[in-house]
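Engineer: My structure is below; once you've seen it, I'll send some questions.
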Amino acid sequence: MLVRKVVNSISLVIIIIVMVTILFNKLPWWSLAAIVLIWILITAYGVANIRSGYFLKSLSYNPDTKRRQIAITFDDGPSQNTLKILDVLNKYNVKGTFFCIGKQVKLYPDITREIIAKGHIIANHTYSHDKFIDMYTTKRFTEEIITTDTVIREVSGKIPLLFRPPYGITNPNIARAVKKTGHHVIGWNKRSFDTTIPSEKVILNRVTKNLKPGDIILLHDTKFITIAVLEQLLLFLQKNNYTTATIDELFSIQAYA
């Protein structure tokens with residue numbers, strides 16, 4: 009929330025400076041160019057960093073939690089690999105939150121139902137997770153969310169209220185879409201990069217370093233390396249007296265409509 013206020017305040021100051029410059033022509037052109045560049049950089053930061061809250065409010069961690077607990081989330085499934093993830097979670101009696109891609113739910117309906125049967129939470133991660141999805145119009149992005157809700161409901165009987173934008177990218181169109189659909193936007197503050205880093209040790213260190221109550225860890229149930237990392241993570245949590253919560257539990261919100 010503090011980051012959001014700071015970023016928005018800086019943007020407001022820049023807008024005021026630009027307006028004053030236009031009205032009174034008090035600054036040289038290069039100064040105006042520098043101001044515009046700073047605004048572009050701040051906006052780019054807001055687009056790429058879901059925690060900034062630049063375009064919309066997201067729940068990325070809960071510093072007010074009264075318990076020594078964190079949330080483990082998984083993106084981009086379900087897939088065959090999800091079954092192995094479920095086995096590890098079941099072994100340690102841990103519940104997670106799965107942000108599922110609609111087309112994957114359609115492809116693996118039985119695994120989707122298994123996630124829910126094991127007591128985990130299913131959430132919305134758009135239908136296509138297209139690499140250019142941040143370029144979609146408000147209408148098209150809204151359709152991505154609604155279509156995923158429909159597919160999940162048809163497969164499981166659940167209508168998710170939790171949503172995570174692909175790549176954690178936000179922009180005005182996404183903000184307007186989420187406002188229409190009424191979902192809680194969920195971010196993270198512990199990104200594992202398990203889709204790109206080949207080392208279990210490095211990934212584990214990323215999510216455990218400076219871990220604190222209320223943190224949200226981002227993993228992917230589509231990656232084989234995540235299985236080993238997850239087991240090591242759960243052992244770390246046990247050793248350090250952490251418990252886990254699903255996203256709805258961590259923030260005391262509803263997971264389903």
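Take any residue in the sequence shown, count from 1 to its spot, add 8: that is its number in the working numbering.
Every residue gets a Cβ at the ideal spot worked out from N, C-alpha and C, and that includes glycine.
#1: When the Cβ atoms of the segment 232 to 244 are set against those of the segment 159 to 170, are three or more pairs found closer than 8 Å?
#2: Using a 10 Å radius around the Cβ and a threshold of 16 neighbouring Cβ atoms, would you call ASP118 buried or exposed?
#3: Thinking C-beta only, is THR156 closer than 7 Å to GLY110?
#4: Does DSSP put ARG199 in a helix, in a strand, or in coil?
#5: Thinking ASP83 and PHE107 are a contact (beta carbons under 8 Å), I'd like their distance in whole angstroms, please.
#6: Is the separation between the beta-carbon of ILE261 and that of HIS192 shorter than 7 Å?
#7: If you scan the segment 197 to 264 from start to end, which runs of the beta strand (DSSP E) of 3 or more residues do you find wholly inside it?
#8: Count the other C-beta atoms from every protein chain shown that fall within 10 angstroms of the C-beta of MET9, then say buried if there are 16 or more, exposed otherwise.
#9: Could you tell me whether the segment 121 to 129 touches the segment 94 to 103, using the rule of 3 or more Cβ pairs below 8 Å?
#10: Report all residues from its chain with a CB closer than 7 Å to the CB of PHE232; omit the five preceding and five following residues, and keep chain order.
#11: What residues match up with ASN132 in a beta bridge as DSSP calls it?
#12: Quick check on GLY190: buried or exposed, where buried means 16 or more other Cβ atoms within 10 Å of its Cβ?
#13: So, using beta-carbon positions, are GLY222 and SER68 closer together than 7 Å?
Structural biologist: Quick answer:
#1: no
#2: exposed
#3: yes
#4: strand
#5: 5 Å
#6: Less than 7 Å separates the beta-carbon of ILE261 from that of HIS192.
#7: 224 to 228
#8: Low confidence applies to MET9: its pLDDT is 44, below 50, so where it sits in the model is not reliable, and the reading given next is rough at best. MET9 is exposed by the Cβ-count criterion.
#9: With the cut-off at 8 Å, the segment 121 to 129 and the segment 94 to 103 touch.
#10: ASN89
#11: BP columns for ASN132 point to CYS108, PHE171.
#12: exposed
#13: no
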